[in-house]
Structure formats: structure tokens, C-alpha cells
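In the numbering used here, the protein residues as written are -15 to 491.
Read through the structure below, which is laid out as C-alpha cells, and then see the notes.
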């Protein structure tokens, strides 16, 4: 420091003062935003804001947010490093964010402004911004119509049959099934079939490369927290990390799926026979050449990079969420004989014993649908949503500055007794009362809400119903472990602290 001062011929104290002023400007001044706007919230820590509290490994994010709601009310301000985020649990304000003022909240907020996802991942619909998001969403929406879903049922039946037979083997051998492993394989098989037309049957071989990379892709280790901390403390590193393709997802896994999907695309382009394929990849390739799509953002079609990105997104969006939901659903079935009985009664009423379920059959399974919804309410796979703002905007009496965003803790909202009485009681029947749910529809948020709601909602519900039908055609789940289920909510993803195990017997 002395040498630096001598070199530029200024006093050491002045150099130190300048450095201190720069650090203060960078890391202290942003933390006056909410108090300046009269919005309450927890006290931020120098340089890191409220991140240490949010990442409390003992309490967990949901518990911390609950305590803040009790202290500051349903709406309050926090800081994710230097980013001011308004935490909103008030349903009227959420209507503004999701629907009424959606034009101000079109984009999701991601730490690092979306650049902690690798460049190709960022082109996926979930991560994309602005006009590109609107264009891709408009092009992809028809691929999730009921007619298209019906054409995919045979893939789900093939995969569901494998699931049932795999579970029958566990039951016949008297072994406990590791729920994460078996349902992860099922979810991946459904994705491979419905998205890419591949019959991989990873349920009979958990060690094949595709399932190893899928598991690795969706396993977030502690070094991710280091990456987020570096990006928060030193924002100038983010563009460099993005250029080097260092981000939230492991590069080796992203590259594996990029190569695999690119090879499939090249194969179909070399010998185009679109009538031979009934999968999402072909539907997207058809959209690439479709000039009838309304022009948004300067293009009427998807690029090959965008099609590849959507393929990787199918893995990201469908693998962990489906596996997680089925784990928790069958955990509850194993603990609750009354639920088992109601599920079996409905299956016996609507699904013939030897028949494979059709799309129409699945629409009749109202209790099972309620069971899925209650599982998602109690155990949402992704328990935090976010939105960025495009300019200063006011929702209710709260002003959000142009550099701010909104954080929506959906797990806390769906455990609020004002919206769901007796919220800790697992009770599927609450979703059989249509009038009540219609009045409270925005309080149920596992798929989001509004124009940016999950595009694959109907596909997910169909896939989950198929898994329940096929599994329970072969086995009865008679118990589940652990006796007390503790959860981790690291990085906004809900997972059990101990593996869920299922005990079954043959039917």
C-alpha cells in the first residue's frame, strides 16, 4: 500500500480513504433502499445483505421467512447481496405481480442477472428474458395441447409398466425401495420417451450414462454457494464466469445433454421422417420450419440452439420435480391407510384391472388429482419464485425501485392457515371442494400463476397420475420411512434430509 502511494505520489491515508469510499459505495449504500421507502425488513449485513439469514442451515429458508412474516408483516424488504427484493405473501399484491401488472414483471429474477446459467441453458424457456421469452413461449404453447398429450400416452404407459414391474421385484424380494432412485429413473424414462422418442428403461439399469448425468445435473453441491457468494461480492466476475460456462449447472452434464440432443436433431434432419416421431423434439423441429407463427422479437421460428436448450430444459424441469413429488406422495400413502383405501377405490372404479390407462381415464381420477395437489402444497419441489422489475413500479402501497425485484415464498404461502386451514395436516380432500379452491386459486402456486405459469403443468399431472396407476396395479405400499420426515430447502429446492424408503407387498 505504501509502495502504491509512493508510485502515484499521494499520501497513504488518501489512498486508504479512496478505497474505503469505493467499498462503502459498492457494499453499504444499496442497503438504504427499503428504509428510504418506508418498507420494513430485517437488518442487512455489510456487503452480503440478508444472505446469511436466508442460508441459515439450521433453521432453513422457510422457517426464516416465517419468522420475518411474523415480525414485519406479509410484505417486507430484504437484500440478496446488493439486490433489493420485496418479499410478498399478500395475495392481492401477488395478483398484481402475476397478472394485472405482468408487463412490469415479465422476467424471473436470477442471481447474477441470469448469467450464472451457462449460455445455452439461458436459452431455455424457464430462464429466458424479454421478447425472446415471449416468442419461445408462443411457439411452444401448442405443443402442450390435450391432443399432443394424448399422442404421448403410449410412452408414459411403457414407462409406467416398467415402474410397476420394478416395484413388484422389490416387493417380491422383501426389499425396501429407495424412492429417489426408482422415481428418478421413472421421471427420466418419461422425459426420454415423451421429449426425445427414446426408450432407455433406466429403471432396470441405474448406472447408464444418461441417468448418471441427469442426477449430477440436478445435484447442487456446496460449491454452488461459493459461486453465488463470489458473484454477489464481486459482480464484475459474473460475465467472465458466463463466458467460461461456469455456472449453476455442472459443465460436464450440460455438455453431455447438449451433445446427445444435438446428435438426435442432426439425425432427424439428415433423414426427415416427422410422421415416425411423436415427441416434443419433433414438435419443436416442426416449429423451426413453421412460418405461420406470429412474429415476436424478430423471428418466426426456433433456432437449433433454442431447440437444444428446450431439450435440456425438459431434463432440468421434469426430472427432479417429478421424482420429488412422487417420493413425497408415496411417503404419505405409506403412512396413511385411509388414503391408500380411497386411492384404490378410485382406481378400481375407473381403471379396468388388465387395461392400460388412457388420457380420458386419467381425467376421471379426481381423488388422485387432489392427492397430487396436496402433495405439491405440502412439499413443493421448488419453494421460491421470483420476478424482476423493468422499471420503478408500485404494487399496493409498496414501491419497488428499478433495480429491485420480488421474492415469492410459495411454500410459506401454501402453509398459511388463512389460505389453507390446519395447514400441517395432509388432507387431499381440501382440493375436492371446487368452490373453495376457485376463491383461493392464487394461493396454490407449485406451478406459478399467470402468463409465466409452468407450460408443462398438464403434462406433469398426467405423468404423475400414470405413475400412481401403474405402480398400484402391481403393489400395495404398506409403510414408508423415516417415521419423522425432516426437509432441507437449500437453494430453493425441497428435499428430504434422510432418503425416503418404501415398503411394499405384491397385490
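Glycine residues also receive a C-beta, built at the ideal position from the N, C-alpha and C atoms.
Note that the structure is predicted; figures quoted are calculated from it, not measured.
| Asked | Found |
| --- | --- |
| C-alpha gap between residue 275 and residue 437, whole angstroms | Any reading at residue 275 needs caution, since the residue's pLDDT is 48, under 50, leaving its predicted position unreliable; the model's value is listed next. Answer to the nearest angstrom: the Cα atoms are 26 Å apart. |
| Same chain, Cβ closer than 7 Å to residue 232, neighbours up to 5 away in sequence not counted | 100, 101 and 208 |
| Counterpart residues of residue 488 in DSSP-defined beta bridges | 461 |
| Presumed contact (8 Å Cβ cut-off) between residue 473 and residue 20, rounded CB distance | With a Cβ gap of about 31 Å, residue 473 and residue 20 do not count as contacting. |
| Cβ distance (whole Å) where residue 370 is taken to contact residue 390 below 8 Å | 6 Å |
| Cβ-Cβ distance between residue 359 and residue 313 below 7 Å | yes |
| For residue 415, the three-state DSSP class (helix, strand or coil) | helix |
| Contacting residues, own chain, Cβ-Cβ under 8 Å from residue 265 (five flanking each side not counted) | 179, 180, 181, 245, 248, 249, 252, 291 and 295 |
| Beta-carbon contacts of residue 235 that lie in its chain and below 8 Å, excluding the five residues immediately before and after | 102 and 229 |
| Backbone CA spacing between residue 91 and residue 322 [nearest angstrom] | 43 Å |
| Cβ separation of residue 133 and residue 446, assumed to be a contact under 8 Å, to the nearest whole Å | 6 Å |
| For residue 147 and residue 154, the rounded distance between their alpha carbons | 11 Å |
| Nonlocal neighbours in the same chain, by C-beta distance under 8 Å from residue 110, ignoring five residues either side | 92, 297, 300 and 301 |
| Between the CA atoms of residue 223 and residue 303 - distance to the nearest angstrom | 29 Å |
| Proximity to residue 51 [Cα-Cα], best of 30, 33 and 73 | 73 |
| Distance, residue 184 Cα to residue 27 Cα | 51 Å |
| Residue from 349, 14, 462 and 59 with nearest C-alpha to residue 33 | 14 |
| Neighbourhood of residue 372 by C-beta distance below 6 Å, restricted to the same chain and skipping five residues each side | 91, 93 and 389 |
| Identified DSSP bridge partners for residue 494 | Nothing can be reported for residue 494, as the shown portion of the chain is limited to -15 through 491. |
| Reduced DSSP secondary structure (H/G/I, E/B, other) of residue 337 | coil |
| Whole-angstrom C-beta distance between residue 379 and residue 80, which should lie under 8 Å | 5 Å |
| Buried or exposed by the 16-neighbour rule on C-beta atoms within 10 Å, applied to residue 114 | exposed |
| Rounded straight-line distance, which links the Cα of residue 55 to that of residue 170 | 43 Å |
| Three-state class that DSSP yields for residue 92 in the structure shown | coil |
| Selected residue, minimal CA-CA separation from residue 396, among 175, 363 and 412 | 363 |
| Reduced DSSP category for residue 275 - H, G, I as helix; E, B as strand; rest coil | Summary for residue 275: the model assigns pLDDT 48, below 50, so the residue's position carries little reliability, and this model does not support an answer. |
| Bounding residues of the beta strand (DSSP E) (the contiguous stretch that carries residue 106) | Counting along the chain, residue 106 falls outside any beta strand (DSSP E), and DSSP gives it neither H nor E. |
| Best match in 17, 464 and 462 for proximity to residue 66 [C-alpha to C-alpha] | 17 |
| Buried or exposed (CB count within 10 angstroms, at least 16 for buried), residue 412 | buried |
| Contact under 7 Å by Cβ, residue 308 with residue 365 | yes |
| Reduced DSSP secondary structure (H/G/I, E/B, other) of residue 423 | Note that residue 423 has pLDDT 48, beneath the 50 cutoff, so the model's placement of it is unreliable and the number below is only indicative. If DSSP states are grouped into helix, strand and coil, residue 423 belongs with the helices. |
| Spatial distance of residue 407 from residue 196 (CA atoms) | 36 Å |
| Continuous alpha helix (DSSP H) stretch holding residue 372: start and end | No alpha helix (DSSP H) contains residue 372, which is instead part of the beta strand (DSSP E) from 369 to 372. |
| Boundaries of the alpha helix (DSSP H) in which residue 78 is found, first to last residue | 75 to 79 |
| Backbone CA spacing between residue 281 and residue 119 [nearest angstrom] | Because residue 281 carries a pLDDT of 48, less than 50, the predicted location of this residue cannot be relied on, and no value is offered for it. |
| Cβ shell of residue 279 (< 6 Å), same chain only, five flanking positions each side left out | At residue 279, the pLDDT of 48 sits below 50, so the modelled position is not reliable; the number obtained from the coordinates is stated separately. There are no such residues. |
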